[in-house]
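Going by my numbering, the sequence shown opens with residue 7, and the numbers climb by one from there. Okay, so here's the structure we're looking at.
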Amino acid sequence: MKKSLLLVLVFALCSLMLFATGNKETDATSSASKKTEEKKTVEKVSVNKSAYEVTEPIEIVWWHALENQYNDTINTIVDGFNNSQSLIKVKAEYIGNYATVNESLVAAQAAGTGLPAVVVANTPYVAQYGASGLCEDLTPYAAAFDYDFKDFGDGMMRAASYDDKQVALPFLISTQVMYYNKDMAKAKGIEIPEKFDDMDDFFEKVVEFNADGTTKTWGTIIPGWDQWYFETFFLNNGSKLINKDNISTDLGEEDGIETTKEIYDWIKNGYAYFAVGKDASSVMRQTFIDGKAFSVIHTSSLYNTYVSKCKNFEVGMSWLPSGDTKNQEIGGCVLLIPAKNDQKTKNAAWQFLSYLCSKEVNMKWADETGYMPTRKSVLETSEGKEFLQRKPAFKCIFDNLDYINPRIQHPAWNEFATIWKNYLAEFYIEKVDMNKGIKSMVIEMNEVLED
């Protein structure tokens with residue numbers, strides 16, 4: 007009993023240390039984002055290549071979060087690496103979802119044993135891992151083997167960096183997109199607008215109503231269960247969400263109020279609905295599959311799923327309508343090497359990590375998982391060209407790789423986001439007075455940001 011309690015206390019302490027250290031680098035985005043924003047790419051450094059070479063046989067472990075449906079792809083890729091050389095043997099281990107991987111990694115880091123050679127991490131964890139010293143700086147490895155960081159999208163690399171160090175590499179990456187019914191678009195002669203301000207005119211052309219005034223065909227559906235799906239509407243229309251002081255929000259200011267009310271008007275007019283509650287995601291998808299919605303906002307990683315389910319029409323994919331800027335946010339995971347491992351393990355880990363993120367393997371991940379390509383140069387490869395021929399919808403992502411940015415980093419972000427989602431649901435569904443509600447919402451948000 008005492009041993010179990012001790013393990014729990016150790017794990018809890020390590021978790022607090024990891025996340026507490028993240029406090030000092032939050033200015034709504036991590037310090038990594040700021041510094042690499044200026045440099046855009048990691049500069050090359052002079053290194054002794056022999057210090058990073060693998061010279062004797064070694065077996066290493068890769069922790070991942072890919073579920074059973076991806077087993078064939080995982081086995082093919084791992085076997086491909088193992089057969090491509092004679093010194094390194096990789097064993098892939100499924101640990102669980104991203105949260106479970108995080109818990110296991112933190113525990114192994116605290117214990118100082120049982121660490122994997124390579125591990126996936128959900129993008130929001132990068133800043134905390136970097137601040138705690140958990141991640142190996144990949145810059146000298148890249149320099150030793152002339153690995154081109156510049157080939158990745160700029161925003162993706164910022165999301166995988168900390169304190170001007172490249173502590174991870176983009177792996178299975180997604181972003182927010184709008185899926186739409188291409189057949190309906192052709193029949194009506196319409197396109198999804200590039201600008202947020204043009205959405206009203208667009209909705210008037212695409213939305214259909216029943217005789218009793220209820221909506222027959224929705225213009226779009228906005229996922230209300232996760233703010234990630236709608237927060238870029240606010241960010242691209244002037245809101246910061248969290249101010250530079252890190253203890254207050256600007257959602258009660260003009261830009262935030264206008265965006266909140268604009269979405270409210272879409273819903274009030276029957277153009278769109280805010281999807282919340284039990285089975286909100288599956289109900290939203292089924293509404294689109296049944297042809298009762300022209301479009302839905304969702305993650306790009308579900309492209310294969312939507313295409314396979316929508317038997318009666320062709321699925322299109324579009325960048326979200328933008329404001330003064332057209333930025334979107336990263337989703338998915340990165341790959342990193344725990345710094346506590348011995349150098350032989352880290353050298354082998356780099357060889358496998360760089361293989362997983364190589365152009366050819368990257369395209370295989372994109373093709374078989376639904377996650378998006380992360381390398382700019384893949385368009386120049388035969389695999390990339392063939393991929394776009396089969397999946398032309400992904401061109402909207404290829405064209406905008408540099409506009410995919412890190413997610414907001416703040417120790418109180420989850421609590422902040424929950425308050426936001428709950429209040430928007432009250433405004434949009436329960437019709438709570440928005441003017442009073444926004445004031446109350448801002449007070450609650452500021453309180454959690456200050457704690």
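From the three backbone atoms N, C-alpha and C, an ideal C-beta is built for every residue, glycine too.
Inset, instruction - Classify Leu342 as buried or exposed, calling it buried when 16 or more other Cβ atoms lie within 10 Å of its own Cβ. - result: So Leu342 ends up on the buried side.
Inset, instruction - Give me the Cα-Cα distance between Glu268 and Val213, rounded to the nearest whole angstrom. - result: Using only the alpha carbons, I get a separation of about 17 Å.
Legend entry - Bounding residues of the alpha helix (DSSP H) (the contiguous stretch that carries Glu99): From DSSP, Glu99 is part of no alpha helix (DSSP H) but of the beta strand (DSSP E) over 94–100.
Inset, instruction - Please report the residue range of the alpha helix (DSSP H) in which Cys339 lies. - result: Cys339 -> not in any alpha helix (DSSP H); beta strand (DSSP E) instead, spanning 337–342.
Inset, instruction - Return the residue from the list Asp373, Ala418, Trp325, Gln233 that minimises the CA-CA distance to Leu407. - result: The option with the nearest alpha carbon to Leu407 is Trp325.
Legend entry - Other residues of its chain near Lys445: CB distance less than 8 Å, five sequence neighbours each side excluded: The beta carbon of Lys445 lies closer than 8 Å to those of Gly258 in the same chain, with the five residues before and after it left out.
Legend entry - Counted within 10 angstroms of its Cβ, other Cβ atoms place Leu93 as buried (16 or more) or exposed: Its Cβ having fewer than 16 others within 10 Å, Leu93 is exposed.
Legend entry - C-alpha gap between Ala133 and Ile410, whole angstroms: Distance between the alpha carbons of Ala133 and Ile410: 17 Å.
Legend entry - Per-residue DSSP class, three states only, for Lys401: Helix at Lys401.
Legend entry - alpha helix (DSSP H) segments (min. 4 residues) lying fully within the segment 260–325: Here the runs fully enclosed are 260–274, 286–295, 309–315.
Inset, instruction - State the start and end residues of the unbroken beta strand (DSSP E) segment that holds Ile228. - result: First-last of the beta strand (DSSP E) with Ile228: 226–229.
Inset, instruction - Grab the span of the beta strand (DSSP E) containing Thr223 for me, first residue to last. - result: Here the beta strand (DSSP E) through Thr223 covers 221–223.
Legend entry - Those runs of the alpha helix (DSSP H) which lie wholly inside the segment 124–203 and span at least 4 residues: List check, alpha helix (DSSP H) in window: 132–138, 145–150, 160–165, 188–194.
Inset, instruction - Take Asn452 and list the residues in its own chain whose beta-carbon comes closer than 6 Å to its own, dropping the five residues that flank it on each side. - result: Closer than 6 Å at the Cβ level, and outside the excluded window around Asn452, lie Ser254.
Inset, instruction - Mind checking which residues open and close the beta strand (DSSP E) that includes Trp68? - result: Per DSSP, Trp68 belongs to the beta strand (DSSP E) from 64–70.
Legend entry - Proximity of Ala165 and Pro379 at Cβ, strictly below 7 Å: For Ala165 and Pro379, no; Cβs fall outside 7 Å.
Inset, instruction - Please specify which runs of the alpha helix (DSSP H), each continuous and at least 4 residues long, are wholly inside the segment 401–429, giving them in chain order. - result: Listed in chain order, the alpha helix (DSSP H) elements of length 4 or more contained wholly in the segment 401–429 are 401–404.
Legend entry - Given Glu210 as reference, the closest of Thr223, Gly159, Glu200 once Cα atoms are compared: For Glu210, the closest C-alpha among the options Thr223, Gly159, Glu200 is that of Thr223.
Inset, instruction - Report yes if the CB atom of Lys95 is closer than 7 Å to the CB atom of Asn88, and no otherwise. - result: With respect to Asn88, Lys95 sits close: the two C-beta atoms are nearer than 7 Å.
Inset, instruction - From the DSSP output, in three-state form, read off Ser245 for me. - result: Coil, per DSSP.
Legend entry - Close beta carbons around Val289, own chain, < 8 Å, minus the five adjacent residues each side: The residues are Ala281.
Inset, instruction - State the beta-bridge partners of Glu214 as determined by DSSP. - result: DSSP, once it has assigned bridges, lists Thr223 as partnering Glu214.
Inset, instruction - Reducing DSSP to helix, strand and coil, say where Ser328 ends up. - result: In the structure shown, the three-state DSSP call for Ser328 is strand.
Inset, instruction - Identify whether Gln334 lies in helix, strand or coil by the three-state DSSP scheme. - result: For Gln334, the secondary structure class from DSSP, reduced to helix, strand or coil, is strand.
Legend entry - Stretch pair the segment 342–362 + the segment 165–182: three plus CB contacts closer than 8 Å: The answer is yes - the segment 165–182 touches the segment 342–362, with three or more Cβ pairs under 8 Å.
Legend entry - Reduced DSSP secondary structure (H/G/I, E/B, other) of Asn54: Shown here, Asn54 sits in coil according to DSSP, grouped into three states, outside any helix or strand.
Legend entry - Exposure of Glu142, with buried meaning 16 or more beta-carbon neighbours within 10 Å: So Glu142 counts as buried.
Inset, instruction - Whole angstroms is fine: what's the gap from Thr293's alpha carbon to Phe240's? - result: Here the alpha carbons of Phe240 and Thr293 stand approximately 26 Å from one another.
Legend entry - Among Asn187, Thr226, Phe151, Ile403, nearest to Val302 - alpha-carbon criterion: Among Asn187, Thr226, Phe151, Ile403, the Cα nearest to that of Val302 is on Thr226.
Legend entry - Spatial distance of Glu456 from Ile425 (CA atoms): Between Glu456 and Ile425, the C-alpha separation is close to 14 Å.
Inset, instruction - Look at Ile83 and Ala355 and say whether their C-beta atoms are less than 7 Å apart. - result: No, these two residues do not count as a Cβ contact at 7 Å.
Inset, instruction - For Glu389, I'd like the list of residues in its chain whose CB is within less than 7 Å of its CB, leaving aside the five on either flank, ordered along the chain. - result: If you ignore the 5 residues before and after Glu389, its C-beta comes within less than 7 Å of the C-beta of Glu366, Met369, all in its own chain and listed in chain order.
Legend entry - Beta-carbon spacing of Gly338, Tyr377 below 7 Å: Yes, Cβ-Cβ distance for Gly338 and Tyr377 is below 7 Å.
Inset, instruction - Closer than 8 Å by C-beta to Glu99: which residues in its own chain qualify, once you throw out the five before and the five after it? Chain order, please. - result: Take Glu99, set aside five residues on each side of it, and the residues of its chain with a beta-carbon closer than 8 Å to its own are Val67, Trp68, Trp69, His70, Pro122, in chain order.
Inset, instruction - Name the residue from Thr181, Pro229, Trp419, Val173 whose alpha carbon lies nearest to the alpha carbon of Asp285. - result: Out of Thr181, Pro229, Trp419, Val173, Pro229 has the C-alpha closest to the C-alpha of Asp285.
Inset, instruction - Classify Glu237 as buried or exposed, calling it buried when 16 or more other Cβ atoms lie within 10 Å of its own Cβ. - result: Per the 10 Å Cβ criterion, buried.
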